[in-house]
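Have a look at the structure below before the remarks.
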Amino acid sequence: MSQSLSSIARFSASDLFKGKGQPGGRVAPFVAILLAVTVLASAANLLLPESSPFYVSTYTITLLGKYLSYAMLALAVDVIWGYCGILSLGHGAFFALGGYAMGMYLMRQIGDRGVYGHPELPDFMVFLDWSELPWYWLGMDQFWFAMLMVLAVPGLLAYIFGWLAFRSRVTGVYLSIMTQALTYALLLAFFRNEMGFGGNNGLTDFKDILGFDLQSDTTRVALFAITALMLALTFITSHWIMQSRLGKVVVAIRDGEARARFLGYRTDNFKVWLFVYSAMIAAIAGALYVPQVGIINPGEFSPINSIEIVIWVAVGGRGTLIGAIVGALLVNYAKTRFTAIMPDGWLFALGALFVLVTLFLPKGLVGVYDQLKAHFAQPQSKSDESSTPHQESAKEASV
Amino acid sequence: MSALENLTAEGKELLRRDQVWPFLMPKQQAVDVSHQVILYVEGLNLSFDGFKALNDLNLYINDGELRCLIGANGAGKTTLMDVITGKTQCDSGTVYFGQNHNLLERSEPEIAELGIGRKFQKPTVFEAHTVFDNLELSLKTNKGVMPTLLARLTPTQLDRIDQVLEIIGLKEQRFMLAGALSHGQKQWLEIGMLLVSEPRLLLIDEPVAGMTAQETERTAELLTSLAGEHTVIVVEHDMEFVRSIARTVTVLHQGSVLAEGTMDQVQNNKDVIEVYLGEEA
Numbered sequence: 001m002s003q004s005l006s007s008i009a010r011f012s013a014s015d016l017f018k019g020k021g022q023p024g025g026r027v028a029p030f031v032a033i034l035l036a037v038t039v040l041a042s043a044a045n046l047l048l049p050e051s052s053p054f055y056v057s058t059y060t061i062t063l064l065g066k067y068l069s070y071a072m073l074a075l076a077v078d079v080i081w082g083y084c085g086i087l088s089l090g091h092g093a094f095f096a097l098g099g100y101a102m103g104m105y106l107m108r109q110i111g112d113r114g115v116y117g118h119p120e121l122p123d124f125m126v127f128l129d130w131s132e133l134p135w136y137w138l139g140m141d142q143f144w145f146a147m148l149m150v151l152a153v154p155g156l157l158a159y160i161f162g163w164l165a166f167r168s169r170v171t172g173v174y175l176s177i178m179t180q181a182l183t184y185a186l187l188l189a190f191f192r193n194e195m196g197f198g199g200n201n202g203l204t205d206f207k208d209i210l211g212f213d214l215q216s217d218t219t220r221v222a223l224f225a226i227t228a229l230m231l232a233l234t235f236i237t238s239h240w241i242m243q244s245r246l247g248k249v250v251v252a253i254r255d256g257e258a259r260a261r262f263l264g265y266r267t268d269n270f271k272v273w274l275f276v277y278s279a280m281i282a283a284i285a286g287a288l289y290v291p292q293v294g295i296i297n298p299g300e301f302s303p304i305n306s307i308e309i310v311i312w313v314a315v316g317g318r319g320t321l322i323g324a325i326v327g328a329l330l331v332n333y334a335k336t337r338f339t340a341i342m343p344d345g346w347l348f349a350l351g352a353l354f355v356l357v358t359l360f361l362p363k364g365l366v367g368v369y370d371q372l373k374a375h376f377a378q379p380q381s382k383s384d385e386s387s388t389p390h391q392e393s394a395k396e397a398s399v
Numbered sequence: 001m002s003a004l005e006n007l008t009a010e011g012k013e014l015l016r017r018d019q020v021w022p023f024l025m026p027k028q029q030a031v032d033v034s035h036q037v038i039l040y041v042e043g044l045n046l047s048f049d050g051f052k053a054l055n056d057l058n059l060y061i062n063d064g065e066l067r068c069l070i071g072a073n074g075a076g077k078t079t080l081m082d083v084i085t086g087k088t089q090c091d092s093g094t095v096y097f098g099q100n101h102n103l104l105e106r107s108e109p110e111i112a113e114l115g116i117g118r119k120f121q122k123p124t125v126f127e128a129h130t131v132f133d134n135l136e137l138s139l140k141t142n143k144g145v146m147p148t149l150l151a152r153l154t155p156t157q158l159d160r161i162d163q164v165l166e167i168i169g170l171k172e173q174r175f176m177l178a179g180a181l182s183h184g185q186k187q188w189l190e191i192g193m194l195l196v197s198e199p200r201l202l203l204i205d206e207p208v209a210g211m212t213a214q215e216t217e218r219t220a221e222l223l224t225s226l227a228g229e230h231t232v233i234v235v236e237h238d239m240e241f242v243r244s245i246a247r248t249v250t251v252l253h254q255g256s257v258l259a260e261g262t263m264d265q266v267q268n269n270k271d272v273i274e275v276y277l278g279e280e281a
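Sequence lines, in order, name chains B and W. UniProt numbering applies: residue 1 is where the first sequence begins, and numbers increase by one. UniProt numbering applies: residue 1 is where the second sequence begins, and numbers increase by one.
This is the structure in structure tokens:
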């Protein structure tokens with residue numbers, strides 16, 4: 001009895017640092033690597049001369065920042081798909097909404113430096129002959145308010161959507177189709193000039209953020225570093241949530257929703273909560289993405305984007321937070337390289353990748369890694385297990 | 001004039017200081033079993049596309065009783081459990097838990113919270129979780145989202161889980177994944193999940209399907225020991241098993257009660273021999 005108590009106490013206290021053998025459990029090493037790379041890349045950009053072989057160009061820094069915000073987006077999808085079994089094919093919508101909120105703030109920062117030189121109205125509004133700001137643009141010149149909107153708008157949308165869908169017990173492929181429809185509807189809406197979000201062209205020509213020039217190296221490095229920090233933060237938070245009893249309930253809902261309901265869990269509340277949490281992570285990712293790439297347009301809502309995210313997660317290994325991040329980084333790196341060599345071939349390559357992963361790596365790259373590790377470290381891990389009969393070793397076989 | 005008087009009287013009634021307005025009454029109340037009956041099922045009707053799954057079904061279960069439901073396939077046993085636990089809506093009739101809880105207007109989680117636990121026909125445990133986690137999730141706790149997020153196991157709860165692990169004989173397998181258990185062990189784990197939640201009423205659907213003779217015997221012992229403190233309703237096809245545990249048996253046939261009594265009474269009942277036992281003989 002006391003033995004089991006202590007083993008559980010030990011597990012919860014040290015899981016952040018140990019978590020070995022459990023997929024997605026390697027939190028501390030991963031965060032350490034992420035932050036070390038961030039610091040090194042930033043220093044290499046800011047401190048080294050351009051002629052140095054170790055110099056990291058600002059282009060690379062921005063690219064890395066972009067990848068990291070994609071990784072965060074993948075994390076968001078993994079939380080809802082990998083752990084709760086809700087295949088959302090519309091997370092691009094939350095990402096884009098977060099991006100638009102950030103974009104609106106950046107637009108307002110342009111002030112009278114626009115092409116038309118209007119002190120308040122963004123260029124596209126002047127072009128449309130609008131005489132004053134629409135009500136929903138008010139307040140967006142305040143950074144804190146814009147950041148609040150980054151979380152509030154996608155969060156509210158996710159809440160309403162989730163509440164309606166989960167309460168009516170829509171699940172499986174029907175829910176996926178609805179999420180696709182959601183993002184497609186938003187795509188069409190944001191294409192319209194009358195919406196007041198710049199229509200087809202979206203929001204662009206940003207000048208500065210919080211007074212810092214967006215083109216300068218230091219701002220770029222800072223944005224990259226903040227993205228890395230936010231990724232680490234959301235990763236740790238998500239890990240903590242998934243280790244808590246709520247995480248166990250979420251997995252229980254994935255594997256047997258009716259059973260969970262008969263145990264007394266109001267499963268729709270749990271699903272809505274997790275959906276909103278996931279949407280907010282996606283929105284933060286979008287808000288970090290926009291100042292780095294310098295544009296947000298309705299293309300971000302396109303259904304294909306949301307499907308791509310799912311592929312990142314599948315490649316990395318769903319149901320493991322680390323897998324989602326690794327998958328997003330690798331696939332996007334491959335995309336950058338591949339589109340440079342053969343621009344037209346990328347979609348085929350992506351499709352082939354998805355088929356191959358589904359057929360041969362159902363647990364993704366993390367699954368392969370764990371298998372290899374288990375294969376090579378078998379005699380050692382056996383003696384390990386006998387001394388501490390941990391939940392982890394059992395959990396390894398799962399997911 | 002009298003209308004006005006009525007109105008003022010009603011108003012006074014509404015403002016009585018010694019009473020709480022009905023909608024302000026706390027919903028969770030102890031189950032009222034002052035008449036020794038814990039479950040009232042009356043005039044239950046349910047049809048699926050013209051097929052009468054339940055046909056004017058009446059059933060009363062006493063507090064602390066161990067009741068067996070038997071009947072051929074399609075007699076409505078599982079459907080009855082579905083209605084009691086809130087999974088299926090019935091067409092007409094009433095289901096009361098104690099005298100004060102109308103189960104028909106409650107959702108599955110609310111019914112579970114009242115203390116009605118259910119074991120499914122096919123063992124359903126959370127296969128990706130360990131045996132221990134399965135039991136932890138079934139504990140009788142506050143099951144809201146935030147309390148669950150911040151939940152920590154208390155020593156009492158740990159004791160309770162250990163106790164149940166002992167009862168269901170899965171102490172050795174506590175950190176094994178539930179998916180890796182044998183069929184019989186899954187059945188036991190699911191019963192354990194019910195026990196750990198300390199229910200008033202247990203609905204157990206085919207507990208010994210797929211169990212060895214020895215396991216069946218232990219299940220019989222367990223269920224008999226549960227009765228008294230808990231109320232147990234068992235649905236089972238295995239007549240040997242039913243005979244070994246049953247005090248009162250209810251025979252369902254085509255959605256209504258055909259006979260009720262001790263095993264011997266039921267077995268000698270003419271109707272029963274005709275429609276059910278007769279087929280087997």
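Idealized CB from N, CA, C, for every residue including glycine.
{"query": "Nearest residue (CA-CA) to W/Y40, options W/H183, W/G93, W/F126", "result": "W/G93"}
{"query": "Closest Cα partner of B/V131 within the set B/H118, B/L186, B/A189", "result": "The sequence as given places Ser at residue 131 of chain B; Val does not occur at that position. With distances taken between Cα atoms, B/S131 lies closest to B/H118."}
{"query": "Contact with chain W by B/N269, beta-carbon distance below 9 Å", "result": "yes"}
{"query": "B/Y159 versus B/K248: straight-line alpha-carbon distance, rounded", "result": "22 Å"}
{"query": "Any 3 or more C-beta pairs closer than 8 Å across the segment 249-262 of chain B and the segment 94-105 of chain W", "result": "no"}
{"query": "Sequence-distant residues of the same chain with beta carbon closer than 7 Å to B/Q3, five excluded per side", "result": "Residue placement at B/Q3 is poorly supported in this model, since its pLDDT is 43, which falls under 50; the coordinates still yield a value, given next. Nothing meets the Cβ criterion."}
{"query": "heavy atom of the ligand PLP below 8 Å from B/G364 C-beta", "result": "The model on display carries no ligand, and the ligand PLP is accordingly not part of it."}
{"query": "Assigned secondary structure, W/H237 (DSSP; H/G/I helix, E/B strand, else coil)", "result": "coil"}
{"query": "Alpha-carbon to alpha-carbon, B/T234 and B/L106", "result": "24 Å"}
{"query": "Boundaries of the alpha helix (DSSP H) in which B/H91 is found, first to last residue", "result": "91-110"}
{"query": "Assigned secondary structure, W/L69 (DSSP; H/G/I helix, E/B strand, else coil)", "result": "strand"}
{"query": "Contacts of B/W273 in chain W (Cβ-Cβ under 9 Å)", "result": "V145, M146, L149"}
{"query": "Nearest to W/D159 (by Cα), restricted to the options W/M81, W/E215, W/L135, W/F175", "result": "W/L135"}
{"query": "Residue closest to B/K363, alpha-carbon to alpha-carbon, out of B/R318, B/W137, B/L138", "result": "B/R318"}
{"query": "Identity of the residues DSSP links to B/A334 by a beta bridge", "result": "The partner list for B/A334 (beta bridge, DSSP) is empty, contrary to what the question assumes."}
{"query": "Backbone CA spacing between B/F54 and B/P134 [nearest angstrom]", "result": "48 Å"}
{"query": "Residues that W/E113 contacts on chain D, provided the C-beta gap is smaller than 9 Å", "result": "No chain D is present in this structure, whose protein chains are B and W."}
{"query": "Nearest-angstrom beta carbon gap, B/I226 and B/A76 [assumed within contact, 8 Å]", "result": "About 17 Å separates the two Cβ atoms, so there is no contact after all."}
{"query": "Rounded separation between B/F301 and W/L201 - CA only", "result": "51 Å"}
{"query": "9 Å Cβ cutoff, B/V251 in contact with chain W", "result": "yes"}
{"query": "Positions along the segment 75-108 of chain W whose CB lies within less than 7 Å of some CB in chain B", "result": "T85, E108"}
{"query": "Beta strand (DSSP E) runs contained entirely in the segment 199-281 of chain W, provided each spans 3 or more residues", "result": "201-205, 231-235, 248-253, 256-261"}
{"query": "Proximal chain B residues relative to W/F48, where beta-carbon distance stays under 8 Å", "result": "Result: empty, since nearest Cβ-Cβ is about 18 Å, beyond 8 Å."}
{"query": "CA-to-CA distance, W/E127 to W/D162, given in whole angstroms", "result": "20 Å"}
{"query": "Partner residues on chain W for B/D255, Cβ-Cβ distance less than 7 Å", "result": "F126, E127, A128"}
{"query": "Beta-carbon proximity check, residue 288 of chain W vs W/G64, cutoff 9 Å", "result": "Here chain W comprises residues numbered 1 to 281, so residue 288 of chain W is not present and cannot be evaluated."}
{"query": "Integer-rounded CB distance, given that B/T179 should sit under 8 Å from B/G90", "result": "3 Å"}
{"query": "Straight-line gap, W/V249 to W/C68 (C-alpha atoms, nearest Å)", "result": "5 Å"}
{"query": "Alpha-carbon spacing of W/D271 relative to W/A259, whole angstroms", "result": "8 Å"}
{"query": "W/H101 (DSSP reduced to helix, strand or coil)", "result": "strand"}
{"query": "Residue 302 of chain W, DSSP secondary structure in three states", "result": "The structure shown does not extend to residue 302 of chain W, since chain W spans only 1 to 281, so no value can be given for it."}
{"query": "Contacts that B/K363 makes with chain W (C-beta to C-beta distance below 9 Å)", "result": "What B/K363 touches in chain W: nothing, since even the nearest Cβ is about 13 Å away."}
{"query": "B/G286, DSSP secondary structure in three states", "result": "helix"}
{"query": "Interface positions of the segment 225-249 of chain B facing chain W (Cβ-Cβ less than 8 Å), listed along the chain", "result": "I241, S244, R245, L246, K248, V249"}
{"query": "B/E50 in three-state terms, based on DSSP", "result": "coil"}
{"query": "Where the beta strand (DSSP E) containing W/K143 begins and where it ends", "result": "Taken as a continuous stretch (DSSP letters only), W/K143 belongs to no beta strand (DSSP E), as it is neither H nor E."}
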